[in-house]
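Engineer: Numbering (UniProt numbering), first residue to last: 1 to 177.
First the structure, which I've put down as structure tokens, then a few questions once you've had a look.
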């Protein structure tokens, strides 16, 4: 999944494609799915590369942590630990299916699932606001650039208004408000 230079955009979109097959997956289920794909290709699994790819996809909003109130279809999963954090397709993703992924629903024991997009969008907007404040407080211009781009993705993805967040981010990038 990684070539030493880090996960690619294609890898992030492949992760989103796998999640999209199921509605949502936990980190553990995602890791299992990717292990199954590697097995089908007769390649070794690099858990570190899988974790790095998932982390990057989350950091860049291709995958987003989904709150319990946005999830349906699996009332028995305790998502209080990182391994069981529920992930859904995020606003910056262009989901694609990696080779062999169409067989995953037959391989994995995952119940039918769905995501309440309105609840997910509210959670993503809240996360975006928090990350923008953190990046502003830290003076992290690179992160602010990423978050500014994400504000456009979020508005195209869900009926939410990110203009106040974007305006604050852009003001900070232009020299402060």
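Cβ atoms here follow ideal geometry from the backbone N, Cα and C, with glycine treated the same way.
In this text the structure is predicted, and so the values were computed from the model without any measurement.
Taking residue 171 as part of the alpha helix (DSSP H), name the residues at either end of that continuous run.
Structural biologist: The residue you call residue 171 lines up with position 171 of the chain shown. That run of the alpha helix (DSSP H) goes 163–173.
Engineer: Quick one: Cα of residue 111 to Cα of residue 23, how far?
Structural biologist: On the chain shown, position 111 is the one that residue 111 refers to. On the chain shown, position 23 is the one that residue 23 refers to. If I take the Cα positions, the gap works out to 10 Å.
Engineer: Ends of the alpha helix (DSSP H) at residue 121?
Structural biologist: Here residue 121 refers to the residue found at position 121 of the chain shown. 117–138 is the extent of the alpha helix (DSSP H) around residue 121.
Engineer: Could you tell me the distance, in whole angstroms, from the CA atom of residue 89 to the CA atom of residue 99?
Structural biologist: Position 89 of the chain shown, counting from 1, holds the residue named residue 89. Position 99 of the chain shown, counting from 1, holds the residue named residue 99. Going by the C-alpha atoms only, they are around 19 Å apart.
Engineer: Starting from residue 86, trace the beta strand (DSSP E) in both directions and tell me its first and last residue.
Structural biologist: Residue numbering aside, residue 86 sits at position 86 when the chain shown is read from its first letter. Taken as a continuous stretch (DSSP letters only), the beta strand (DSSP E) holding residue 86 covers 86–89.
Engineer: Residue range of the alpha helix (DSSP H) that residue 105 falls in?
Structural biologist: Reading the chain shown from its first residue, position 105 is the one you call residue 105. Counting along the chain, the alpha helix (DSSP H) containing residue 105 begins and ends at 104–107.
Engineer: Near residue 131, which residues of its chain fall below 8 Å by C-beta distance, leaving aside the five closest residues on each side in sequence?
Structural biologist: Translated into positions along the chain shown, residue 131 becomes position 131. Closer than 8 Å at the Cβ level, and outside the excluded window around residue 131, lie 143, 147.
Engineer: Using only alpha-carbon positions, find the residue among 141, 40, 154 that is nearest to residue 172.
Structural biologist: Counting from one through the chain shown, the residue named residue 172 turns up at place 172. When only C-alpha atoms are compared, the closest one is 141.
Engineer: Please name the residue, chosen from 72, 69, 11, 68, that lies closest to residue 51 on a Cα-to-Cα basis.
Structural biologist: If you number the chain shown from 1, residue 51 lands on position 51. Checked all of 72, 69, 11, 68; the closest Cα to residue 51 is 11.
Engineer: Tell me residue 64's beta-bridge partners as DSSP assigns them.
Structural biologist: The count along the chain shown starts at 1 and reaches residue 64 at position 64. Paired residues: 88.
Engineer: I need the DSSP call for residue 20, collapsed to helix, strand or coil.
Structural biologist: Here residue 20 is taken as the residue at index 20 of the chain shown, counted from 1. Note: residue 20 maps to helix in three-state DSSP.
Engineer: From the DSSP output, read off the bridge partner residues of residue 114.
Structural biologist: The residue you call residue 114 lines up with position 114 of the chain shown. Per DSSP, 72.
Engineer: Check each candidate in 105, 93, 108, 104 and name the one with the smallest Cα separation from residue 156.
Structural biologist: Taking the chain shown and counting its residues from 1, one reaches residue 156 at position 156. With distances taken between Cα atoms, residue 156 lies closest to 93.
Engineer: Going by beta-carbon coordinates alone, are residue 67 and residue 153 separated by less than 8 Å?
Structural biologist: Position 67 of the chain shown, counted from the start, is the residue given in the question as residue 67. Position 153 of the chain shown, counted from the start, is the residue given in the question as residue 153. Contact flag unset, no.
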